[in-house]
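Encoded as structure tokens, the structure appears first; notes follow it.
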Amino acid sequence: MDIVEIRWDSLVGHKAQIRELSTLLQEGRLPHALLFTGAAGIGKKLCGQILAGAILCGKDNAPCGQCENCRSFAAEAHPDYYELTPEIRGKSTRIIRIEAIREMQTVVSRSAIRAGRRVVLIDDADTMNEPAANSLLKTLEEPEGQVTFILIAQDRSRLLPTIVSRCMPLSFGMLSPEEMQGELMRRQIPALEAEKLACLADGSLGQALKLSQHGGLELRAEAMNFLASLPELTMNKLWTEAAARSELDRERLNEWVMYINMLLRDMLLLYEDGASTLIYNSDLRGRLGEMLPKFSKGRLFAMLAETRTFTHRLQANVNLRLQLEGYFIRLMDCH
Numbered sequence: 003m004d005i006v007e008i009r010w011d012s013l014v015g016h017k018a019q020i021r022e023l024s025t026l027l028q029e030g031r032l033p034h035a036l037l038f039t040g041a042a043g044i045g046k047k048l049c050g051q052i053l054a055g056a057i058l059c060g061k062d063n064a065p066c067g068q069c070e071n072c073r074s075f076a077a078e079a080h081p082d083y084y085e086l087t088p089e090i091r092g093k094s095t096r097i098i099r100i101e102a103i104r105e106m107q108t109v110v111s112r113s114a115i116r117a118g119r120r121v122v123l124i125d126d127a128d129t130m131n132e133p134a135a136n137s138l139l140k141t142l143e144e145p146e147g148q149v150t151f152i153l154i155a156q157d158r159s160r161l162l163p164t165i166v167s168r169c170m171p172l173s174f175g176m177l178s179p180e181e182m183q184g185e186l187m188r189r190q191i192p193a194l195e196a197e198k199l200a201c202l203a204d205g206s207l208g209q210a211l212k213l214s215q216h217g218g219l220e221l222r223a224e225a226m227n228f229l230a231s232l233p234e235l236t237m238n239k240l241w242t243e244a245a246a247r248s249e250l251d252r253e254r255l256n257e258w259v260m261y262i263n264m265l266l267r268d269m270l271l272l273y274e275d276g277a278s279t280l281i282y283n284s285d286l287r288g289r290l291g292e293m294l295p296k297f298s299k300g301r302l303f304a305m306l307a308e309t310r311t312f313t314h315r316l317q318a319n320v321n322l323r324l325q326l327e328g329y330f331i332r333l334m335d336c337h
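First residue of the sequence shown: 3, per this note's numbering; consecutive thereafter.
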């Protein structure tokens, strides 16, 4: 569990969701299963953890932070809390398998030790394979003892409809740039950098923090320089650029391509409205506008399509250098 403060005010945004959950707790109407859905990095899991702390505390509609239940929960040692996350085996994608669900079922079938009830949080529940999902469904249909399930998911459609129907759904929207910038500055990120990160991360605080920690602004600058040089790119420079990009690990390369996609989208928006407030890279508005004469609207659409295709190819176990060379050649050929 990755949680520092189990207080509602440690959650950025989502005031309506906090009010609803607090009311359900206070009135004793919290259902036995809840489903939190929304984009990655917006605080769904943290909200679930705070809710779990409040349930185990049991004193009010929020964790008191002082009792034995709260102290052991904050120390990641509460015996009645169970957190389940996907696993990765080799080069496969992250999956929750039936073995993990069965292990959880064994634990929650026992009587609660300290709080009088148990709480199970399943993160990325939409990564369950079919056997795992069917096994969880049986538990949701016939829960043993006092247990509350909190499912966290990005894509509700990837869950069994029967699982969704047995949970109280709660949707979480994207954070505003102002909320993001304020939280980033609270974390000692300089104001100008925080403003840029808040715009780039598209409402995801987790993504903004990731970009800050992994040099996201530098990677964006590299993507910008590549696009600016594309009209005059020679084949020799293309091979060199592909070789350099292929040395990036797959996650960093995915981020670099994400910036290419964002910049192309912004240029299309600027074609329609040079003062558009919808662009991601507002600090680069002037430079992007200067590049427009070199890229027709049709070419930008074609480049976006090639970029999306390349992004899908990156999810497979492919030769990165060969894929990059092909991608760059296709970008040059777009008209």
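Built from N, CA and C at the ideal position, the CB exists for glycine as well.
Every value quoted in this text rests on a predicted model; they were computed, and no experiment measured them.
What first and last residue would you give for the alpha helix (DSSP H) that runs through residue i?
i: Y329; result: 322-335
i: A225; result: 218-231
i: Y261; result: 252-274
i: L202; result: 193-202
i: A277; result: Note, A277: premise wrong, no alpha helix (DSSP H); not H, not E.
i: Q215; result: 207-215
i: M237; result: 237-248
i: I52; result: 46-59
i: I165; result: 163-167
i: R301; result: 299-315
i: I20; result: 17-28
i: C72; result: 70-76
i: K140; result: 132-143
i: E292; result: 287-293
Within its chain, find whatever has a CB closer than 6 Å to the CB of residue i; leave out the 5 residues flanking it on each side and keep chain order.
i: G205; result: M176, L177
i: T309; result: I262, N263
i: I281; result: D268, L271
i: R222; result: Y261
i: I152; result: L36, G50, L123
i: G55; result: I8, P65, F75
i: D125; result: K47, T87, I154
State the Cα-Cα distance for the pair residue i and residue j, rounded to the nearest angstrom.
i: R119; j: F75; result: 14 Å
i: K93; j: E292; result: Low per-residue confidence applies at K93: pLDDT is 44, beneath 50, and the placement is therefore not dependable, though the value from the model is reported in the following sentence. Approximately 42 Å between the Cα atoms of the pair.
i: K47; j: L322; result: 33 Å
i: Q325; j: L266; result: 20 Å
i: R31; j: Q209; result: 34 Å
i: N136; j: I103; result: 10 Å
i: T311; j: S167; result: 35 Å
i: D157; j: D128; result: 6 Å
Counting along the chain, where does the beta strand (DSSP E) carrying residue i start and finish?
i: M170; result: 170-173
i: T39; result: 35-39
Determine which residues share a DSSP beta bridge with residue i and list them.
i: R120; result: V149
i: E89; result: I97
i: A155; result: T39
i: Y83; result: V121
Using a Cβ-Cβ cut-off of 7 Å (strictly less than) and excluding sequence neighbours within five positions of residue i, which residues of its own chain qualify?
i: E101; result: none
i: I115; result: P81, D82
i: S113; result: G147
i: A117; result: L58, G60, N71, D82
i: A203; result: M182, Q209, A210, L213
i: I90; result: R96
i: T141; result: Q107
i: G276; result: G291
CB-CB under 8 Å to residue i, same chain, minus the five flanking residues each way: which ones, in chain order?
i: S284; result: C201
i: R9; result: I52, A64, P65, G67
> Is the stretch 13-27 close to the stretch 170-189, with three or more CB pairs under 8 Å?
Replying inline: Yes: the two stretches touch, three or more of their Cβ pairs being nearer than 8 Å.
> Does the stretch 43-60 touch the stretch 68-88, meaning 3 or more C-beta pairs lie closer than 8 Å?
Replying inline: A contact exists between the stretch 68-88 and the stretch 43-60.
> Counting pairs of beta carbons, one from the stretch 38-45 and one from the stretch 81-90, are three or more of them closer than 8 Å?
Replying inline: Segments in contact, no.
> Would you say the stretch 148-168 touches the stretch 249-256, given that touching needs at least three Cβ pairs under 8 Å?
Replying inline: Under the Cβ criterion (8 Å, minimum of three pairs), the stretch 148-168 does not count as touching the stretch 249-256.
>> Pairs of beta-carbons, one from the stretch 176-191 and one from the stretch 6-16, closer than 8 Å: are there three or more?
In response: Contact between the stretch 176-191 and the stretch 6-16 is present: 3 or more CB-CB pairs across the two stretches fall below 8 Å.
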